[in-house]
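Data first, discussion second: the structure below is written as structure tokens.
There are 2 protein chains.
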Amino acid sequence: MPTLVHTPRELRAACDAFRARGERVGLVPTMGALHEGHMSLVAAARNAGAQRVAVSIFVNPLQFAPTEDLAKYPRTLPEDLARCDAHRVDVVYVPSALDMYPPGFQTHVEVEQVTRVLEGATRPAHFRGVTTVVAKLFNAAGPCVAAFGQKDYQQWRTIERMVRDLDMPVNVLGCAIAREPDGLAMSSRNRYLNPDERARAVAIYAGISAANEAFGRGERAVGTLTTLASRPIAAAFDSIDYVAIADAADLTDRQVEAGEQAVMLVAARIGKTRLIDNARLGERLVIG
Amino acid sequence: MPTLVHTPRELRAACDAFRARGERVGLVPTMGALHEGHMSLVAAARNAGAQRVAVSIFVNPLQFAPTEDLAKYPRTLPEDLARCDAHRVDVVYVPSALDMYPPGFQTHVEVEQVTRVLEGATRPAHFRGVTTVVAKLFNAAGPCVAAFGQKDYQQWRTIERMVRDLDMPVNVLGCAIAREPDGLAMSSRNRYLNPDERARAVAIYAGISAANEAFGRGERAVGTLTTLASRPIAAAFDSIDYVAIADAADLTDRQVEAGEQAVMLVAARIGKTRLIDNARLGERLVIG
Chain B
2 MPTLVHTPRE LRAACDAFRA RGERVGLVPT MGALHEGHMS LVAAARNAGA QRVAVSIFVN
62 PLQFAPTEDL AKYPRTLPED LARCDAHRVD VVYVPSALDM YPPGFQTHVE VEQVTRVLEG
122 ATRPAHFRGV TTVVAKLFNA AGPCVAAFGQ KDYQQWRTIE RMVRDLDMPV NVLGCAIARE
182 PDGLAMSSRN RYLNPDERAR AVAIYAGISA ANEAFGRGER AVGTLTTLAS RPIAAAFDSI
242 DYVAIADAAD LTDRQVEAGE QAVMLVAARI GKTRLIDNAR LGERLVIG
Chain P
2 MPTLVHTPRE LRAACDAFRA RGERVGLVPT MGALHEGHMS LVAAARNAGA QRVAVSIFVN
62 PLQFAPTEDL AKYPRTLPED LARCDAHRVD VVYVPSALDM YPPGFQTHVE VEQVTRVLEG
122 ATRPAHFRGV TTVVAKLFNA AGPCVAAFGQ KDYQQWRTIE RMVRDLDMPV NVLGCAIARE
182 PDGLAMSSRN RYLNPDERAR AVAIYAGISA ANEAFGRGER AVGTLTTLAS RPIAAAFDSI
242 DYVAIADAAD LTDRQVEAGE QAVMLVAARI GKTRLIDNAR LGERLVIG
């Protein structure tokens, strides 16, 4: 079984011990409810040279708005630990909210421009909560390779920016989205879907694929591409938060023409569940 | 001569090399215009176990308001290097503004409550600039003992808070104020004073000393203590920004009664120069 640690100090001690033996540390920050997408991050950290991998599991209250699903977010620690064990994870870091935010806590890390659009436009404190907790994880873990899923594309770009701007000794990996056999992006929130919603949820993949195919045939008009993507999603979902095309690096608008460095991003609601997905235009969407 | 480094990467390489030999690293963040107060921080880092000391010299634009003295802030690099050499400093880190804030930079670290009062009340973005640059210095240096002067009392408390809140592997030292023979707190900004202003500037020390003596005789009324301190300062300075008594740990108001854990803080202007000073009530003010 992986070593279980609960405080920043314990995580640091574990990672320092690895480094003292010349082993590089990989870090996979998660909110638990682990699925094979998370496990692909463990593999990615190893591929990038980490001999030891720590997975953190913390449902971070700072990144949920009062109206969001903090209370009902799935918590599956025994299954998570078994999954980490099966993938030979070395350390699992499970801090309590009090370990992370003791009384008097008052510090935040904020990345400004890249967090203002898309997810940040409708979830104003979300990314500030993400960067604050990830900065704490990085500081506690020490120099490491940290793997994030590109499913949370804007989060990945935000963390990359934070690391660069704050001179953190972290190599940030952005890993390909893991998809179910029908194309649905793996997500802990997929557990919220009833069978009917689950069947309809594939429409996001269908919409993005349609836009990407049109892009491959030479279509460059943003309006046409987003309309192509929106059609199946609008039919299957209850509402669309956004279907957008943005610069793949800084997420600024790509108004005029979608070029090679463009990403299509989608957020939509089905029942009480909000799902997101994305793809680089011009790259093949890989399943399985 | 100390090794001169200019980029975060170079600083990290130098500090990593020390640690690889089992040597602990001390860090003394400064804005240059070094004086013996700074050198007492070098000594404090060594006393706390650092075998190697790095001094950073960076006039941080992020912590100056447009109306403040960024452009005229004293820059004395040759003298600073000579002083570091005389004190056997191992590394001097002199980044450019472009090294620290390359195009696209957009991340800030903010400590909230403790920065809202006193200096923060009149200098709204100041501490955000301080914590951002100090976070960058800590991340680049890696695990270290970092020495700060208590002359910038609120800054010291703010950085302590940041380190604790963000789980940074840094031991923050708050070092006693170094004073000139007449009691004036050493400060790079003392260079701005003409001989007449320099003579009058001692009034801050006189005011704080008067309050502290009254405290020693049992006086506990905040109004009486601040009035005692203000009288000589008002006579010698052109204006007083604040004469305050605050909780020594979190800097909240101590309205009713000044207890053992209270600090008196002063900011006042003489000519075009703004000076600050402070003392724990009940502790002897040490000169020389």
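As they're listed, the protein sequences go chains B and P.
Residues in the first sequence are numbered consecutively from 2, following the working numbering.
Residues in the second sequence are numbered consecutively from 2, following the working numbering.
Ideal Cβ positions, reconstructed from N, Cα and C, are used throughout, including at glycine.
No experiment lies behind these values; they were computed from the predicted model shown.
- In the DSSP assignment, B:Thr133 falls within the unbroken alpha helix (DSSP H) covering His127 to Ala142.
- Contacts with chain P at 8 Å (Cβ-Cβ) include B:Gln107.
- Neighbours of P:Glu11 in chain B, taken as residues whose beta carbon is under 9 Å from its own, are absent, since the nearest beta carbon is some 11 Å off.
- When the beta-carbon positions are compared, P:Ala268 and P:Asp242 come within less than 8 Å of each other.
- For P:Ala45, the enclosing alpha helix (DSSP H) covers residues Glu37 to Asn48.
- For P:Ala200, the secondary structure class from DSSP, reduced to helix, strand or coil, is helix.
- Within the region 103 to 131 of chain P, the residues whose Cβ lies closer than 9 Å to any Cβ of chain B are, in chain order, Pro103, Gly105, Phe106, Gln107, Thr108, His109, Val110, Glu111, Val112, Glu113, Gln114, Val115 and Thr116.
- The way I'd put it, the region 122 to 140 of chain B doesn't touch the region 88 to 106 of chain P; fewer than three beta-carbon pairs between them come closer than 8 Å.
- Remark: C-beta atoms of B:Ala212 and B:Ala230 approach each other more closely than 8 Å.
- With respect to the 8 Å criterion, P:Pro9 and P:Ala98 are not classified as neighbours on the basis of their beta carbons.
- In the DSSP assignment, B:Leu5 falls within the unbroken beta strand (DSSP E) covering Thr4 to Val6.
- Our two residues, B:Gly224 and B:Pro233, have alpha carbons roughly 15 Å apart in a direct line.
- Restricting attention to P:Val112, P:Ala18, P:Gly272 and P:Ala46, the CA atom closest to the CA of P:Arg201 is found in P:Gly272.
- Between the region 44 to 52 of chain P and the region 70 to 78 of chain P there are fewer than three C-beta pairs closer than 8 Å, too few to call the two in contact.
- Residue environment: B:His7 is assigned as exposed (fewer than 16 neighbouring CB atoms within 10 Å of its CB, all protein chains considered).
- In the structure shown, the three-state DSSP call for P:Ala235 is helix.
- Taking 8 Å as the upper bound for CB-CB distance, P:Gly143 and P:Asp17 are in contact here, some 7 Å apart.
- The beta carbon of P:Ala215 is closer than 8 Å to those of Thr225, Leu226 and Leu229 in its chain, skipping five residues each way along the sequence.
- Neighbours of B:Asp166 in chain P, taken as residues at a C-beta separation under 9 Å, are given in chain order as Tyr102, Pro103, Gly105, Phe106, Gln107, Thr108, His109, Thr133 and Lys137.
- Shown in chain order are the members of the region 139 to 158 of chain P whose Cβ falls below 8 Å from a Cβ of chain B: Asn140, Ala141, Gly143 and Pro144.
- Among the residues of chain P, those whose CB is under 7 Å from the CB of B:Arg162 are Gln107 and Thr108, following chain order.
- Take B:Thr77, set aside five residues on each side of it, and the residues of its chain with a beta-carbon closer than 8 Å to its own are Gly33, Ala34 and Leu35, in chain order.
- If you draw a 10 Å sphere on the C-beta of P:Val287, you find fewer than 16 other C-beta atoms in it, and that means exposed.
- By the 16-neighbour rule on beta-carbons within 10 angstroms, P:Glu181 is buried.
- In this structure, P:Met265 and P:Ala280 form a Cβ contact; the two beta carbons are roughly 6 Å apart against a cut-off of 8 Å.
- Counting the other Cβ atoms within 10 Å of the Cβ of B:Pro196 gives fewer than 16, which makes it exposed.
- Residue pairing by DSSP places P:Leu174 opposite P:Ala148 in a beta bridge.
- Residues of the region 167 to 188 of chain B with a C-beta atom less than 7 Å from some C-beta of chain P are Leu167, Asp168, Met169 and Pro170, listed in chain order.
- In this structure, the beta-carbon distance from P:Gly38 to P:Met187 falls below 8 Å.
- Close CB contacts of P:Leu185 within its chain, under the 7 Å cut and outside five residues either way in sequence, are with Asn191, Ala202, Val203 and Tyr206 (chain order).
- Here B:Glu111 is not near P:Thr123, since their CB atoms are 8 Å or more apart.
- Taken through DSSP and simplified to helix, strand or coil, P:Ile246 comes out as strand.
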